[in-house]
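Here's the structure, in structure tokens; my notes come after.
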Amino acid sequence: MERPQPDTMSQDLSEALKEATKEVHTQAENSEFMKNFQKGQVTEEGFKLMMASLYHVYKALEEEIERNKKSLVYVPLYFAEELHRRAALEQDMAFWYGPHWQEAIPYTQATKRYVRRLREVGRKEPELLVAHTYTRYLGDLSGGQVLKKIAQKALDLPSSGKGLAFFTFPKITSVTKFKQLYRSRMNTLEMTPEVRQRVIEEAKTSFLLNIQLFEELQKLLTGKAEDQSPSQAQGLRRRAGSWAQGLTPTETPRGKPQPSVLSQASLIRWVLMLSFLVATVAVGLYAM
Ligand code: HEM
Numbered sequence: 001m002e003r004p005q006p007d008t009m010s011q012d013l014s015e016a017l018k019e020a021t022k023e024v025h026t027q028a029e030n031s032e033f034m035k036n037f038q039k040g041q042v043t044e045e046g047f048k049l050m051m052a053s054l055y056h057v058y059k060a061l062e063e064e065i066e067r068n069k070k071s072l073v074y075v076p077l078y079f080a081e082e083l084h085r086r087a088a089l090e091q092d093m094a095f096w097y098g099p100h101w102q103e104a105i106p107y108t109q110a111t112k113r114y115v116r117r118l119r120e121v122g123r124k125e126p127e128l129l130v131a132h133t134y135t136r137y138l139g140d141l142s143g144g145q146v147l148k149k150i151a152q153k154a155l156d157l158p159s160s161g162k163g164l165a166f167f168t169f170p171k172i173t174s175v176t177k178f179k180q181l182y183r184s185r186m187n188t189l190e191m192t193p194e195v196r197q198r199v200i201e202e203a204k205t206s207f208l209l210n211i212q213l214f215e216e217l218q219k220l221l222t223g224k225a226e227d228q229s230p231s232q233a234q235g236l237r238r239r240a241g242s243w244a245q246g247l248t249p250t251e252t253p254r255g256k257p258q259p260s261v262l263s264q265a266s267l268i269r270w271v272l273m274l275s276f277l278v279a280t281v282a283v284g285l286y287a288m
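Quick note on numbering: the UniProt record's numbering labels position 99 of the sequence shown as 99, and the sequence is numbered without any gaps.
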């Protein structure tokens, strides 16, 4: 792990997070799915997929927040009334997938990976939760508001906001003021330099998990599951935290390891040797 830099240490956490995630933020904005979205090129299919993923993500995130809401590492950031999205996403799920949405919604591999990390953080490293709430909630209050307007127009949705409850924060009167409050609360969290560094790394990981989610959605939509550039994904992994680096590019949908080429080659070698032996013995017996 990189050693914390002195200038980073004297900075407020909110500033340090903003600076450290600048590059991954640009990458998120420039992911194909997000680029198309910004151009108004969002289909109902794509939007539904994204919303279902967000439902799973926020369900996990907010369950982990509830688990840790009394902990000193999280208590100043507990804004369930103002921020929590699960109830809104449940409304959206019913709108998009109908009354039996619980059985109907997809749960993609990248979404499961994101959820696994949220569970791990909530249970084993709750001091890192702030990294995930920062990435999602401040993002929803920023670029999320732009996406809402684009979706409303592109999908020809009613002005009542139906189907877009996720993007609406009825308990927040001024988004700008609320974001300021949230940043100042983040800055009150007491943490050692070591924890602070891990929080910063986790925020980058959190962005990476979002980017991977968008990349997967894009692949599902365009049906080119095979030809995604692994070099790009690896580059992103390298830049993100150690947890994301542990994800191997060969990870299969069910998480099972692929049979390696090496073991297949040695199997063939054994079969050939055995056939040769059997043939030699047979010829010997025949000659007798
Ligand atoms: C089309 C995609 C996106 C656009 C256009 C966009 C746009 C913006 C803008 C304009 C801000 C600055 C707002 C301000 O300073 O008050 C911002 C902040 C932010 N965005 Fe995005 N964003 C996008 C995607 C994302 C994604 C995918 C994430 C993470 C999942 C994200 C997370 C954040 C966060 C955490 C901030 C707050 C930065 C800070 O002040 O510390 N954004 N975004």
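Ideal Cβ placement from N, Cα and C applies to all residues, glycine included.
Three-state secondary structure (DSSP) at F169?
It is coil, neither helix nor strand.
Is K179 near the ligand HEM, judged by its Cβ being under 7 angstroms from some heavy atom?
Yes - the ligand HEM has a heavy atom lying nearer than 7 angstroms to the Cβ of K179.
Spatial neighbours of F47 in its chain, beta-carbon cut-off 7 angstroms, leaving aside the 5 residues before and after:
Answer for F47: A151 and L155, listed in chain order.
Name the residue from N30, N210, V42 and T222 whose alpha carbon lies nearest to the alpha carbon of A131.
It is N210.
N- and C-terminal bounds of the alpha helix (DSSP H) containing F33:
Residue range E32 to Q38 is occupied by the alpha helix (DSSP H) that includes F33.
Whole angstroms is fine: what's the gap from S71's alpha carbon to L129's?
Across the structure, S71 and L129 are spaced so that their CA atoms are roughly 11 angstroms apart.
By the 10 Å Cβ neighbour count, where 16 or more other Cβ atoms means buried, how is S31 classified, buried or exposed?
Buried, because 16 or more other Cβ atoms sit within 10 Å of the Cβ of S31.
Kindly examine the ligand HEM and report whether one of its heavy atoms sits closer than 7 angstroms to the Cβ of K153.
Checking the Cβ of K153 against the ligand HEM gives no.
State yes or no: is the C-beta of N210 nearer than 7 angstroms to some heavy atom of the ligand HEM?
Yes - the ligand HEM has a heavy atom lying nearer than 7 angstroms to the Cβ of N210.
At a cut-off of 7 angstroms, would you count S14 as near the ligand HEM, judging by its Cβ distance to the nearest heavy atom?
Yes, the ligand HEM has a heavy atom inside 7 angstroms of this Cβ.
For the putative contact between Q145 and V115, defined by C-beta atoms under 8 angstroms, what is the C-beta separation to the nearest angstrom?
Not quite, the Cβ-Cβ distance comes to about 25 angstroms (not below 8 angstroms), so this is no contact.
Buried or exposed for G223, going by 16 or more other Cβ atoms inside 10 Å?
Counting Cβ neighbours within 10 Å, G223 comes out exposed, since fewer than 16 surround it.
Does DSSP classify F47 as helix, strand or coil?
In this structure, F47 counts as helix in the three-state DSSP scheme.
Could you name the residues of the same chain whose beta carbon sits closer than 7 angstroms to that of L213, not counting the 5 residues immediately before and after it, in chain order?
Once the five neighbours on either side are set aside, the close Cβ partners of L213 are S53, A110, T111 and Y114.
Per-residue DSSP class, three states only, for H25
DSSP places H25 in helix when its eight states are reduced to three.
Would you report the Cα separation of A60 and R119, rounded to the nearest angstrom?
A60 and R119: Cα-Cα distance of roughly 7 angstroms.
Using CA atoms only, rank isn't needed, just tell me which of E215, L189 and P193 is closest to V73.
Nearest in C-alpha terms to V73, of all of E215, L189 and P193, is L189.
Under the three-state DSSP convention, the category E190 falls into
The three-state reading of DSSP puts E190 in coil, since its state is none of H, G, I, E or B.
Express the C-alpha separation of Q218 and Q38 in angstroms, rounding to a whole number.
In this model, Q38 and Q218 are separated by some 14 angstroms (Cα to Cα).
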